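Worksheet for the structure shown next.
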Amino acid sequence: MKQVLFVITSLAYGGAETQLVHLATRLKSRGWKVGVISLIPPKAYVKDLETVGISVFSLGIRRKFPEPRPVLRLARIIQKWRPDIVHS
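And the structure:
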């Protein structure tokens, strides 16, 4: 089974986010394992994605100053999933 992780700044109601949801849902329906990583806490689409079996992660970035913890969280998710594609 192919695996893809999408990394996006935020999950909100916007054009890029809507396209990501459509693409992720379509890939899932074709047998892919799909995950979505939001850099900041998501505001939309989480239930829609999880309902169809797509994992949603948040790195929880809240500050404007760089922190190492979210980067380490991202690395752990990627190591655990071992995706064929990371799309950002």
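Residue numbers (our numbering): -6 to 81.
From the three backbone atoms N, C-alpha and C, an ideal C-beta is built for every residue, glycine too.
A quick note: this is a predicted structure, and the numbers were derived from the prediction, not measured.
Integer Cβ distance of Leu(-2) from Pro76, believed to fall under 8 Å | Correct: roughly 5 Å between the Cβ atoms.
Beta carbon of Gly11 nearer than 7 Å to that of Leu32 = According to the sequence as given, residue 11 is Thr; it is not Gly. Pairing Thr11 with Leu32 gives a Cβ-Cβ distance that is not under 7 Å.
Using the rule of at least 16 other Cβ atoms within 10 Å of the residue's Cβ for burial, across every protein chain shown, is Pro35 buried or exposed?
-> That one is buried.
Sequence-distant residues of its chain with Cβ nearer than 8 Å to Gly28 (five each side left out) | Only Gln(-4), Val(-3), Leu(-2), Phe(-1), Ile47, Ser48, Val49, Phe50, Ile70, Trp74 and Pro76 meet the Cβ criterion.
Distance between Leu4 and Leu52 (C-alpha atoms, nearest Å) = Their Cα atoms are separated by approximately 12 Å.
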